[in-house]
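Student: Can you keep this structure in mind? I'll have questions shortly.
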Amino acid sequence: EAQVTQNPRYLITVTGKKLTVTCSQNMNHEYMSWYRQDPGLGLRQIYYSMNVEVTDKGDVPEGYKVSRKEKRNFPLILESPSPNQTSLYFCASSGSGYGYTFGSGTRLTVV
Amino acid sequence: GDSVTQMEGPVTLSEEAFLTINCTYTATGYPSLFWYVQYPGEGLQLLLKATKADDKGSNKGFEATYRKETTSFHLEKGSVQVSDSAVYFCALSVNTGNQFYFGTGTSLTVIP
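Protein sequences, first through last, are from chains A and B. Numbering-wise (our numbering), the first sequence opens with residue 2 and increments by one. Numbering-wise (our numbering), the second sequence opens with residue 2 and increments by one.
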């Protein structure tokens with residue numbers, strides 16, 4: 002089954018403790034992206050990647066890092082999380098302009 | 002720049018009512034247009050799409066027509082059901098077809 006898999010689904014952490022949210026897709030898509038979803042703000046793009054070793058900032062990249070060492074994986078890294086990064090995060094991938102396939106989301110709470 | 006503006010919510014309708022959610026866009030080039038749906042506790046799913054002017058996308062009773070003259074892609078359904086309760090996002094992609102711009106989402110609640 003074609004899918005984007007994110008882990009974990011839920012995460013509660015403390016301020017400053019580094020964390021990684023993993024994302025993997027099995028569709029051989031070149032394009033992958035991370036979004037955060039906040040009430041009243043819709044989806045905002047954090048980072049995207051056009052291919053292996055090619056990443057670029059989206060609209061809200063501050064406080065986040067990404068890497069794309071393999072085509073299927075696109076982890077999101079929070080080096081020093083802060084409470085304003087409490088949000089619902091989605092990974093998505095796309096190939097040939099047919100539309101995004103989204104992961105199920107990661108609900109992150111930073112206390 | 003490229004952007005999407007969609008109708009503010011929330012929208013509450015009775016079962017079997019007619020639904021319209023407005024979406025307008027601004028884009029350079031020739032965008033493809035999409036509607037995504039997010040059911041409670043889930044990720045976004047592609048509902049329908051249209052890739053060129055005058056195309057009509059349809060799925061699960063929902064329809065939207067790509068109107069270049071009015072730069073719109075309004076979502077419609079003739080008779081909504083309780084199971085249609087969700088958040089709906091309008092989106093566009095341009096050029097490579099991979100970078101997407103989303104609207105802020107419209108929450109729909111259908112009551113029996």
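All C-beta atoms in this analysis are idealised placements derived from N, C-alpha and C, irrespective of residue type, glycine included. On a predicted model such as this, the values are computed, not experimentally measured, just so you know.
At which residues does the beta strand (DSSP E) containing serine 108 (chain B) begin and terminate?
Tutor: By one-based count along the second sequence, residue 108 (chain B) stands at place 107. Per DSSP, serine 108 (chain B) is one residue of the beta strand (DSSP E) stretching across 107-112.
Student: Over what stretch of residues does the beta strand (DSSP E) that includes tyrosine 1 (chain A) continue unbroken?
Tutor: Here chain A has residues from 2 to 112 only, and residue 1 (chain A) is not among them.
Student: For the candidate residues A:Asn74, A:Pro40, A:Ser34, A:Ser105, whose alpha-carbon lies nearest to that of proline 62 (chain A)?
Tutor: Within the first sequence, numbered from 1, the residue matching residue 62 (chain A) stands at position 61. Nearest option by C-alpha distance: A:Ser34.
Student: Return yes when at least one heavy atom of the ligand GTP lies under 8 Å from the C-beta of asparagine 8 (chain A), else no.
Tutor: No copy of the ligand GTP occurs in the structure displayed, which carries no ligand at all.
Student: Leaving out five residues on either side along the sequence, give the residues of the same chain with a beta carbon under 7 Å from the beta carbon of valine 95 (chain B).
Tutor: Taking the second sequence and counting its residues from 1, the one referred to as residue 95 (chain B) is at position 94. Answer for valine 95 (chain B): Asp3, Ala28, Thr29, Gly30, Pro32, listed in chain order.
Student: Between which residues of its own chain and threonine 72 (chain B) is the CB-CB distance below 6 Å, once the five residues before and five after are set aside?
Tutor: The sequence position of residue 72 (chain B) within the second sequence is 71, counting from 1. Thr25, Tyr26, listed in sequence order.
Student: Helix, strand or coil for aspartate 57 (chain A), going by three-state DSSP, please let me know.
Tutor: Counting from 1 along the first sequence, the entry for residue 57 (chain A) is found at position 56. Three-state result, aspartate 57 (chain A): strand.
Student: Please return the same chain residues whose Cβ sits closer than 7 Å to the Cβ of alanine 3 (chain A), not counting the five positions on each side in sequence.
Tutor: In the first sequence, residue 3 (chain A) corresponds to position 2, counting from 1. Around alanine 3 (chain A): Asn27, Met28, Thr102.
Student: In whole angstroms, what is the alpha-carbon distance linking valine 12 (chain B) and tyrosine 49 (chain A)?
Tutor: Here residue 12 (chain B) refers to the residue found at position 11 when the second sequence is read from its first residue. Here residue 49 (chain A) refers to the residue found at position 48 when the first sequence is read from its first residue. Their Cα atoms are separated by approximately 32 Å.
Student: Using a Cβ cut-off of 7 Å, pull out every chain A residue sitting near glycine 58 (chain B), in sequence order please.
Tutor: To locate residue 58 (chain B), count along the second sequence from 1; it is residue 57. By Cβ distance, chain A contributes nothing, its closest Cβ being about 11 Å from glycine 58 (chain B), past 7 Å.
Student: Quick one: is leucine 47 (chain B) near chain A, going by C-beta distance under 9 Å?
Tutor: Working through the second sequence from its first residue, we reach residue 47 (chain B) at position 46. Interface residue, yes.
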